[in-house]
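Read the structure below first, then the notes.
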Amino acid sequence: MKKILMTMVAVFAAMNMNAQVYIGGSVALEAWSSQRLAGDKSETAFKLMPEIGYNLNEKWSIGTVIGYQSDKFNGVKFGNVNLPSESAFTIAPYARYTFSKLGRVNLFVDGGLGFISASKADWTELAIGFQPGLAVNLTDNLSFVSHIGFIGYELLNPDGDDNNISKAGVSLDGENITFGLYYTF
């Protein structure tokens, strides 16, 4: 029994010699408003998306985003209903594959699952797919990371029956571009 335990400790230590933990994430703030003739509408959105990950080796990493977002609406309607101000919780585990290293620039793709839940409006969103990105290693420990686009499937489940929204495909709009800083230990 003692030999088995020592062998397991040695294997675990060997696996962790090349592994590194990283933390980082992104922050977003967005506001828009319309003038009186356009309906006096406005929205302010804030997102805080911290991230933690683990480099398994030179090519593979695993990690998760655990975040919070807040939307404050004024006069904005969905159909005939005013949208309430809302906050939501996000969790998005992923596996990252780095397929190209060009000096200080790494090209990668994250494959994962995302889940968002909002309480007041009682809606949930599920996404499964891939996000391509790039990391620029500013120093040995600090990286600038960007995700560009989303390829996959999304399902939005608002409150009520028979009103689910689903979509599949490639999206390269401003909603799917993120920038952040990561620190590797």
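Okay, so the sequence shown: first residue is 851 according to the numbering used here, each after it adds one.
Note that CB positions come from ideal geometry on N, CA and C, so glycine has one too.
R946 is classed as buried because its beta carbon has at least 16 other beta carbons within 10 Å across all chains shown. The beta carbons of F980 and F949 sit no closer together than 9 angstroms. Measuring C-alpha to C-alpha distances from T940 to each of S911, V959, L976 and N924 identifies L976 as the nearest. In terms of CA proximity to N991, R954 leads the group S967, A895 and R954. Judged by beta-carbon spacing, H997 lies beyond the 9 angstroms limit of I978, meaning their Cβ atoms are not closer than that value.
For the options L952, I966, N1007 and V1020, the alpha carbon positioned closest to that of P982 is the one of V1020. For a cut-off of 8 angstroms, the C-beta gap from S876 to M899 is around 5 angstroms, short enough to register as a contact. Bounds of any beta strand (DSSP E) do not take in K909, whose DSSP letter is neither H nor E. When the alpha-carbon of S892 is set against those of T974, S937, K922 and L963, the nearest one is in K922. Counting of Cβ neighbours within 10 angstroms places D1023 among the exposed residues, the total staying below 16.
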